[in-house]
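What follows is a short report on a single structure.
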Amino acid sequence: MHDKETSVEVLLVEDSPGDVRLTREAFRDTNPAIRLHVANDGVEALAFLRQEGGNADAPRPALILLDLNMPRMDGRQLLAHIKEDEILKTIPTVILTTSEAESDIVKSYQLRANCYLNKPVELDAFENLVKSINDFWLATATLPPQQS
Amino acid sequence: MPLQVLLVEDSPGDLRLTQEAFRDVNPFIELHIASDGVEAMAFLRKQGRYLHAPRPDLVLLDLNLPKMDGREVLAFIKEDAGLKTIPTVILTSSEAESDVVKSYQLQANCYLSKPMHFEAFHSLVKSINDFWLTRVKLPQQRKGNDKGENRPLAGGAIMKAIGGNGMPIQVLLVEDSPGDVRLTQEAFRDANQSILLHVAADGVEAMAFLRREGAHAQAPRPDLILLDLNLPKMDGREVLAHIKENDNLKTIPTVILTTSDAESDIVKSYELQANCYLTKPVQLDAFEGLVKSINDFWLTKVKLPQQEQGG
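Heads up: the protein sequence lines correspond to chains C and Z, in order. Just so you know, we're using the numbering used here here: the first sequence kicks off at 7 and counts up by one. Just so you know, we're using the numbering used here here: the second sequence kicks off at 19 and counts up by one.
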């Protein structure tokens, strides 16, 4: 098996180590073909996406999962950068946050988030959500091709 | 108000299939049809005969359409400050990479390929429902529409209004008939603006809501449950038994609201510790009167148990 052929690259932009851990475990259970890359803030994420700094070999993610509240560059700013960039804007970007504020929801769609999901507090519900992200985005939706 | 979905599709066969699939997976969806791009734009812009068209919560858009094709419609939607936040999902038989890329460039929220086989098509519609209309937080209806703004909630419709003290009263309606759901929603809206009415279409969903399982992780604890007896999957008697056997849930007042006036149903309900039993009247005026009296009694007079009962 050739990893490059079969793996699905997902970039998780998340500053909470607990949530990173949970997401990683839930994806591992759901779909072992997923390679989860983690950036802890917007600056790091943008460097990954633009293959800058130590990220020269970073793959283009098939899907981005983006928290809103993060240090340095927050999710709103990062989302704006992604969707204003001709090369990056076609990558489906899913907001995954604990915020239920209507203003955050509207703002995210205005900034062209592909969809907005609330992070549930309970473990089972969280695992369930990761499963439905996988089932919908990585199994059902047609994603833009990797090379663009 | 139910979730509003606009399907832009010119093939009558696909139209029919989509309608039937949605009816099966979520009867609370109101599906609107536009058969070409011009009609879709008229609907979205409330022009001509679409003057009173609702703002859709989701648009399902075919790419190849007569008059104005899906790419143009998509471009119009995503360039329009008022419309661009409406999630727009491409649903097309085209698998051309150029269409996929172009759609995402035009800011389609997602691209789905229409499968050929009936069962695969049905399961695709189900996954649209499960994901977009259940999981995803949709943007709120824009202000300027009528006041009864609808907020999506897993598997059902929800009516939102905040009371004077800022705390809405949470009511769970367990009812499978869309007509009765609609009537109850409207009657409550008229009777009391601070009620937040949640709807579960069967017993299984009601229990998931009450136990905050699956898509209902964020569900509030209802102050009052209105429970029909005859429901698909798990009927009202079983739901009632489950509620009243659960230490956490049993303090929630549970009112049976049913068309049955069989003595056996009445007795059985009280045996199972229903808090009260009401017969649904057939006539509209009487139905509204009943909802009003539920409000006046249960939500006004009765001291309800504390919200955070036992965690």
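Beta carbons: idealized from backbone N, C-alpha and C, even for Gly.
With fewer than 16 other beta carbons inside 10 angstroms of its own, L69(Z) counts as exposed.
The alpha-carbon of T152(Z) is positioned some 32 Å away from that of S278(Z).
Within 10 angstroms of the beta-carbon of E223(Z) lie 16 or more other beta-carbons, which makes it buried. P196(Z) and F46(Z) have their C-alpha atoms some 7 Å from each other. For E48(Z), the uninterrupted beta strand (DSSP E) run begins and ends at 48 to 52, by DSSP. If you draw a straight line from the Cα of K89(C) to the Cα of E15(C), it is about 19 Å long. Where I261(Z) is concerned, the enclosing alpha helix (DSSP H) starts and stops at 254 to 263.
Residue state for S22(C) is assigned as coil, using DSSP reduced to three classes. Judged by DSSP secondary structure, N124(C) falls within the beta strand (DSSP E) whose first and last residues are 121 to 124. Here S53(Z) is near P84(Z), since their CB atoms are less than 9 Å apart.
The alpha-carbon of V26(C) is positioned some 25 Å away from that of E108(C). For N37(C), no chain Z residue has a C-beta closer than 9 Å to its own C-beta; the minimum C-beta separation is roughly 15 Å. When the Cα atoms are used, H216(Z) and M185(Z) turn out to be separated by approximately 15 Å. According to the DSSP assignment, R153(Z) belongs to no beta strand (DSSP E), since it is labelled neither H nor E. By the C-beta density criterion, F315(Z) is exposed, having fewer than 16 other C-beta atoms within 10 angstroms.
Per DSSP, Y115(C) lies in no beta strand (DSSP E); the unbroken alpha helix (DSSP H) holding it starts and ends at 108 to 116. When Cβ-Cβ separations below 9 Å define contact, I111(C) makes contact with chain Z. DSSP places Q22(Z) inside the beta strand (DSSP E), whose first and last residues are 22 to 26. Contact annotation: A32(C) and F132(C) have beta-carbon atoms nearer than 9 Å. Of the candidates G60(C), A53(C), L71(C), L71(C) places its Cα closest to the Cα of S114(C). For T103(C), the enclosing beta strand (DSSP E) begins and ends at 99 to 103. Only those residues of the segment 110 to 133 of chain Z whose C-beta falls short of 8 Å from the nearest C-beta of chain C are listed: E113, E115, V118, V119, Y122, Q123, Q125, N127, C128, Y129, L130, S131. As summarised for the segment 55 to 136 of chain Z, the continuous beta strand (DSSP E) elements at least 3 residues long and confined to that stretch are 76 to 79, 106 to 110, 128 to 131, given in chain order. If you check each beta-carbon in the segment 130 to 154 of chain C against every beta-carbon of chain Z, the ones closer than 9 Å belong to D130, A131, F132, N134, L135, S138, I139, D141, F142, W143, A145, T146, A147, T148, L149, P150, P151, S154. Minimum Cα-Cα distance from G24(C) among the listed residues R56(C), Y122(C), L69(C), V127(C) corresponds to V127(C). Here DSSP, grouped into helix, strand and coil, assigns L149(C) to coil. Separation of L245(Z) and P72(Z) (C-alpha to C-alpha, rounded to the nearest whole angstrom) is 29 Å. Close to chain C, meaning a Cβ-Cβ distance shorter than 8 Å, are the following residues of the segment 138 to 149 of chain Z: L142, S145, D148, F149.
Taking the beta carbon of E90(C) as reference, no residue of chain Z falls within 7 Å; the closest one sits roughly 11 Å away.
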